[in-house]
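Printed below as a string of structure tokens:
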């Protein structure tokens, strides 16, 4: 796994935008532009792809510690910081606010797992209608195979 993969996974897991990552890197006095940062997150086959060096990842991790935990003088709670990030994510305007989709059985009595389902009407097993039974036709006739050898009877 490359440094770029680690950087991408951290960005997605912590829901960080590029400007937030730039701010985190500035906490440890590491200056980087958004375009340089975007080059780390590109596909490896892209012409503007850039390998993320150890120094960049190391500084990001050190800055992330300061960003989440704070300093000794000004400590922070990491869960509060992450909740703040989650609240900053803009909602899409196109989607309607809809409740979570939960499947519920139509009848709660039918959904019970400790009882067998009650049959409403007694069903008869299906039988094929063989009123026009035709005799089975043998497709291949009996053939003697000699395999190239003449047997004497």
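Numbering (the numbering used here), first residue to last: 536 to 688.
We treat Cβ as the ideally placed atom computed from N, Cα and C, and that holds for glycine.
Counting the other Cβ atoms within 10 Å of the Cβ of residue 539 gives 16 or more, which makes it buried. Residue 597 and residue 536 have their C-alpha atoms roughly 20 angstroms apart. Between residue 559 and residue 620, the C-beta spacing is not below 8 angstroms. Between residue 543 and residue 553, the C-beta gap is not smaller than 8 angstroms, which leaves the two residues out of contact. Separation of residue 659 and residue 622 (C-alpha to C-alpha, rounded to the nearest whole angstrom) is 60 angstroms. Under the criterion of beta carbons closer than 8 angstroms, residue 556 and residue 592 do not qualify as touching, at roughly 12 angstroms. When the alpha-carbon of residue 562 is set against those of 615, 588, 604, 685, the nearest one is in 604. Boundaries of the alpha helix (DSSP H) harbouring residue 613: 613-623, taken from the DSSP string. For the pair residue 584 and residue 607, the Cα-to-Cα distance works out to about 37 angstroms. The residues 539, 542, 543, 546, in chain order, have a CB closer than 8 angstroms to that of residue 576 in the same chain once the five nearest residues on each side in sequence are set aside.
Here the C-alpha atom of residue 589 lies approximately 29 angstroms from the C-alpha atom of residue 615. Bridge pairing for residue 610: 605 [DSSP].
By the neighbour-count criterion, in which 16 or more other beta carbons inside 10 Å mark a residue as buried, residue 594 falls on the buried side.
Judged by DSSP secondary structure, residue 544 falls within the alpha helix (DSSP H) whose first and last residues are 538-548.
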